[in-house]
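One structure is given below, encoded as C-alpha coordinates.
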Amino acid sequence: MNPTLFQQPFFQVTLPLMVTFVATVWAASWSQNKRFGDFKDAINQRFDEMSRRFDEVIARLVRIETKLENHDERLTRVEERISPIGRAR
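Residue 1326 is where the sequence shown starts when you use my numbering, and the numbers rise one by one after that.
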(Lines of atoms letter the chains of each structure in order from A and count residues from 1; the text may use other names and numbers.)
(Lines give C-alpha, C1' and ligand atoms only; values in the text may rest on other atoms or scores of the structure.)
Protein backbone atom coordinates (compact mmCIF):
# COMPACT_ATOMS: atom_id res chain seq x y z
CA MET A 1 0.00 0.00 0.00
CA ASN A 2 1.22 3.45 -0.84
CA PRO A 3 2.22 5.43 2.32
CA THR A 4 1.45 8.73 0.61
CA LEU A 5 -2.16 7.61 0.32
CA PHE A 6 -2.70 8.36 4.03
CA GLN A 7 -1.11 11.81 3.63
CA GLN A 8 -4.05 13.03 1.56
CA PRO A 9 -6.41 15.58 3.17
CA PHE A 10 -9.35 13.13 3.08
CA PHE A 11 -7.64 10.72 5.47
CA GLN A 12 -6.14 13.43 7.67
CA VAL A 13 -9.16 15.73 8.05
CA THR A 14 -12.39 14.46 6.56
CA LEU A 15 -12.35 10.82 7.65
CA PRO A 16 -11.66 11.57 11.36
CA LEU A 17 -14.41 14.23 11.31
CA MET A 18 -16.90 11.82 9.71
CA VAL A 19 -16.07 9.05 12.19
CA THR A 20 -16.46 11.47 15.09
CA PHE A 21 -19.77 12.76 13.70
CA VAL A 22 -21.16 9.24 13.19
CA ALA A 23 -20.07 8.16 16.67
CA THR A 24 -21.64 11.27 18.19
CA VAL A 25 -24.94 10.76 16.37
CA TRP A 26 -25.01 7.09 17.38
CA ALA A 27 -24.28 7.91 21.05
CA ALA A 28 -26.91 10.67 21.10
CA SER A 29 -29.60 8.48 19.56
CA TRP A 30 -28.76 5.59 21.90
CA SER A 31 -28.93 7.91 24.90
CA GLN A 32 -32.18 9.49 23.71
CA ASN A 33 -33.79 6.07 23.13
CA LYS A 34 -32.77 5.01 26.61
CA ARG A 35 -34.34 8.17 28.06
CA PHE A 36 -37.56 7.55 26.12
CA GLY A 37 -37.62 4.02 27.48
CA ASP A 38 -37.17 5.28 31.03
CA PHE A 39 -39.86 7.91 30.47
CA LYS A 40 -42.26 5.31 29.07
CA ASP A 41 -41.65 3.05 32.08
CA ALA A 42 -42.30 5.92 34.48
CA ILE A 43 -45.54 6.85 32.70
CA ASN A 44 -46.71 3.21 32.75
CA GLN A 45 -45.95 3.01 36.46
CA ARG A 46 -47.97 6.16 37.12
CA PHE A 47 -50.90 4.85 35.07
CA ASP A 48 -50.81 1.61 37.06
CA GLU A 49 -50.83 3.59 40.31
CA MET A 50 -53.75 5.73 39.09
CA SER A 51 -55.66 2.62 38.06
CA ARG A 52 -55.11 1.10 41.49
CA ARG A 53 -56.31 4.30 43.18
CA PHE A 54 -59.41 4.47 40.97
CA ASP A 55 -60.21 0.88 41.90
CA GLU A 56 -59.92 1.78 45.59
CA VAL A 57 -62.20 4.81 45.13
CA ILE A 58 -64.76 2.73 43.23
CA ALA A 59 -64.74 0.10 45.98
CA ARG A 60 -65.28 2.84 48.57
CA LEU A 61 -68.15 4.33 46.60
CA VAL A 62 -69.80 0.91 46.33
CA ARG A 63 -69.56 0.50 50.11
CA ILE A 64 -71.05 3.98 50.64
CA GLU A 65 -73.83 3.23 48.18
CA THR A 66 -74.66 0.00 50.02
CA LYS A 67 -74.81 1.84 53.33
CA LEU A 68 -77.06 4.52 51.85
CA GLU A 69 -79.39 1.87 50.44
CA ASN A 70 -79.59 0.27 53.89
CA HIS A 71 -80.34 3.65 55.47
CA ASP A 72 -82.99 4.34 52.85
CA GLU A 73 -84.72 1.06 53.65
CA ARG A 74 -84.57 1.77 57.37
CA LEU A 75 -85.93 5.30 56.90
CA THR A 76 -88.77 3.97 54.77
CA ARG A 77 -89.74 1.52 57.52
CA VAL A 78 -89.59 4.26 60.18
CA GLU A 79 -91.65 6.63 58.02
CA GLU A 80 -94.24 3.93 57.45
CA ARG A 81 -94.50 3.37 61.22
CA ILE A 82 -94.91 7.05 62.17
CA SER A 83 -96.80 8.31 59.14
CA PRO A 84 -100.51 9.10 59.64
CA ILE A 85 -101.19 7.41 56.32
CA GLY A 86 -99.36 4.30 57.49
CA ARG A 87 -101.41 4.20 60.74
CA ALA A 88 -104.70 4.44 58.91
CA ARG A 89 -104.29 0.94 57.51
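Ideal Cβ positions, reconstructed from N, Cα and C, are used throughout, including at glycine.
Checklist entry - In the structure shown, what three-state DSSP assignment does S1354 receive? => result In the sequence shown, the residue the question calls residue 1354 occupies position 29. If DSSP states are grouped into helix, strand and coil, S1354 belongs with the helices.
Item to check | Residues near L1400 in its chain [Cβ-Cβ closer than 6 Å; skip 5 each side] | outcome: Along the sequence shown, one-based indexing puts residue 1400 at 75. Same-chain partners within the cutoff: there are none.
Checklist entry - What is the rounded straight-line gap between the Cα of K1392 and the Cα of V1382? => result Stepping through the sequence shown from its first residue, residue 1392 is reached at position 67. Stepping through the sequence shown from its first residue, residue 1382 is reached at position 57. One C-alpha to the other measures close to 15 Å.
Checklist entry - Going straight from the alpha carbon of E1404 to that of D1397, what length do you get? => result If you number the sequence shown from 1, residue 1404 lands on position 79. If you number the sequence shown from 1, residue 1397 lands on position 72. Computed Cα separation, rounded: 10 Å.
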